[in-house]
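**Student:** Have a look at the structure that comes next, please.
Residue numbers (the numbering used here): 12 to 131.
Have a look at this one:
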């Protein structure tokens, strides 16, 4: 009998997350902006640190700033989970899933990930 692996788990990621530290802005549907820091990134989503609470299921436009880009990279995203920070002013953590669907931004995201592979 084979032992269960992470690949068998329903939460398994299909794309490897790469550790990064990239500034980002989150634009909510109401137009408000939230500053964030991307902690990990993949072609499918990202983990981020954010001061404001985010509601799972809401959509955001994440604008990623990277030294390899001329302009911020806009990525339509959905909040999958949010964990509030600890006591005091500690930031919360969130996970988002990208909605790229053959967007031209998919290739730009691939290039950002490839550039960070050389920084490790």
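Quick reminder that beta carbons are idealized off the backbone N, C-alpha and C, glycines included.
Everything numeric in this text was worked out from a predicted model, so none of it was measured.
Kindly list the residues whose CB is nearer than 6 angstroms to the CB of residue 127, restricted to its own chain and excluding five residues on each side of it in sequence; keep chain order.
**Tutor:** Sequence index remark: in the chain shown, residue 127 carries index 116 (1-based). Hits under 6 angstroms: 29 and 31.
**Student:** Taking the alpha-carbon of residue 39 as reference, which of 89, 110 and 125 has the nearest alpha-carbon?
**Tutor:** In the chain shown, residue 39 corresponds to position 28, counting from 1. Residue 89 is the option with its Cα nearest to residue 39.
**Student:** Whole-angstrom Cβ separation of residue 56 and residue 50, contact assumed at under 8 angstroms?
**Tutor:** The sequence position of residue 56 within the chain shown is 45, counting from 1. The sequence position of residue 50 within the chain shown is 39, counting from 1. In fact, because the Cβ distance is near 12 angstroms, the residues do not count as touching under 8 angstroms.
**Student:** What distance in whole Å lies between the Cβ atoms of residue 37 and residue 73, which are believed to be in contact at a cut-off of 8 angstroms?
**Tutor:** Looking up residue 73 in the chain shown gives position 62. Looking up residue 37 in the chain shown gives position 26. With a Cβ gap of about 6 angstroms, residue 73 and residue 37 count as contacting.
**Student:** When the Cα of residue 106 is compared with those of 41, 43, 44 and 53, which residue comes out closest?
**Tutor:** Translated into positions along the chain shown, residue 106 becomes position 95. Nearest option by C-alpha distance: 53.
**Student:** Does DSSP put residue 33 in a helix, in a strand, or in coil?
**Tutor:** Along the chain shown, read from residue 1 onward, the residue named residue 33 stands at position 22. Strand, per DSSP.
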